[in-house]
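A short worksheet on the structure shown next.
In my numbering, the protein residues as written are 3 to 404.
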């Protein structure tokens with residue numbers, strides 16, 4: 003029997019049977035059984051496991067594994083079965099977690115976290131061809147009751163990131179350029195400015211930004227940049243989505259210019275290392291004109307990540323910037339631009355995307371045109387932004403004559 007090296011071992015907590023070849027699921031904690039009706043070579047079994055693991059995003063599978071481990075430990079400590087789990091067990095698990103308080107007295111877990119735990123429990127049961135216990139009426143009613151209880155007590159409200167709008171983005175970029183003195187600071191400015199401007203006009207999720215490769219970015223003379231999103235939160239099957247970053251009217255905030263500058267830094271580093279980068283930033287000239295139609299250097303590796311980490315010595319890493327890295331860039335640039343601690347704490351990786359939607363709504367864009375860029379699955383999501391971030395838009399309160 004071939005067992006995945008990173009498998010979640012359930013046997014120590016609750017007995018389970020091997021999954022037949024015909025029913026392997028993504029992130030399954032067991033193995034492909036050699037005693038199944040179809041006997042496969044070890045290499046074929048491993049390949050099946052590799053392929054089916056792609057049916058869920060890596061972050062989803064990672065969360066599901068962590069959630070299951072927590073539930074399994076809880077069940078073991080109370081002498082109840084984790085698999086198959088009874089509805090009463092899950093309901094008790096949720097209520098106990100909901101009643102857990104932090105040192106400050108606030109609830110430790112949000113309703114969204116509790117709901118995800120149920121999804122995780124259901125997922126692992128299905129991988130064993132067992133009914134999903136979290137789909138029963140008792141569990142559903144428990145979750146619904148907890149949501150109402152949280153709401154009535156004002157506990158754990160949704161913590162939405164504040165949007166960064168057009169003037170904010172321009173201010174962050176201008177500050178970054180004005181304060182970059184050493185060559186390593188200029189390298190970091192090139193990356194951060196490109197990330198801020200492209201992330202904003204493209205309404206990117208941070209996961210989409212860090213997944214961009216050189217081959218995903220094409221400069222179209224009539225439009226600007228065409229950016230191929232190979233996979234996203236709402237497109238786990240990888241059908242793809244095309245975003246566009248148009249040429250900016252102002253050379254200081256033109257996203258195509260910013261990406262071009264960063265592109266040249268990366269190409270210089272890949273060809274000649276630190277000396278080539280120093281020459282590139284020192285000879286690139288001032289930010290006083292558009293360079294978005296200048297010839298671009300061909301990258302050494304078209305499959306290399308567009309946005310990379312930068313070490314303290316100014317050298318570029320070979321790996322993509324992480325989602326947490328995007329979050330850190332936004333907060334660091336906001337702090338440097340004069341945002342106070344409270345304002346910085348409300349910013350994050352989603353602030354660029356939220357800012358795009360908020361600015362577009364405020365300028366009269368309709369939900370359909372917004373979705374063309376954001377890739378949201380439903381206009382209902384745009385309505386949430388409208389209520390939370392642009393409450394005056396299309397609101398009858400403006401017609402009261404007060």
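Idealized CB from N, CA, C, for every residue including glycine.
As the structure is a prediction and not an experimental result, all values here were calculated from the model.
{"query": "C-alpha distance - residue 326 paired with residue 351, whole-angstrom precision", "result": "8 Å"}
{"query": "Integer Cβ distance of residue 177 from residue 338, believed to fall under 8 Å", "result": "6 Å"}
{"query": "Three-pair Cβ contact test at 8 Å for the segment 354-369 versus the segment 391-401", "result": "yes"}
{"query": "8 Å Cβ cutoff met for residue 102 and residue 110", "result": "yes"}
{"query": "Residue range of the beta strand (DSSP E) that includes residue 322", "result": "318-322"}
{"query": "Spatial distance of residue 220 from residue 52 (CA atoms)", "result": "31 Å"}
{"query": "Residues sharing a beta bridge with residue 221, DSSP", "result": "227"}
{"query": "Rounded Cβ spacing between residue 278 and residue 266 (contact assumed at less than 8 Å)", "result": "Residue 278 to residue 266, Cβ: 10 Å. No contact."}
{"query": "Residue 163 versus 207, 251 and 229, residue with shortest Cα-Cα distance", "result": "207"}
{"query": "Same chain, Cβ closer than 6 Å to residue 190, neighbours up to 5 away in sequence not counted", "result": "312"}
{"query": "N-terminal and C-terminal residue of the beta strand (DSSP E) that residue 386 is part of", "result": "Where residue 386 is concerned, there is no enclosing beta strand (DSSP E), although the alpha helix (DSSP H) it sits in stretches over 381-391."}
{"query": "Cβ shell of residue 316 (< 6 Å), same chain only, five flanking positions each side left out", "result": "186 and 189"}
{"query": "Cα-Cα separation, residue 372 to residue 77", "result": "46 Å"}
{"query": "Contacting residues, own chain, Cβ-Cβ under 7 Å from residue 69 (five flanking each side not counted)", "result": "118, 119 and 122"}
{"query": "Spatial neighbours of residue 223 in its chain, beta-carbon cut-off 8 Å, leaving aside the 5 residues before and after", "result": "295"}
{"query": "Neighbourhood of residue 148 by C-beta distance below 7 Å, restricted to the same chain and skipping five residues each side", "result": "96, 100, 113 and 116"}
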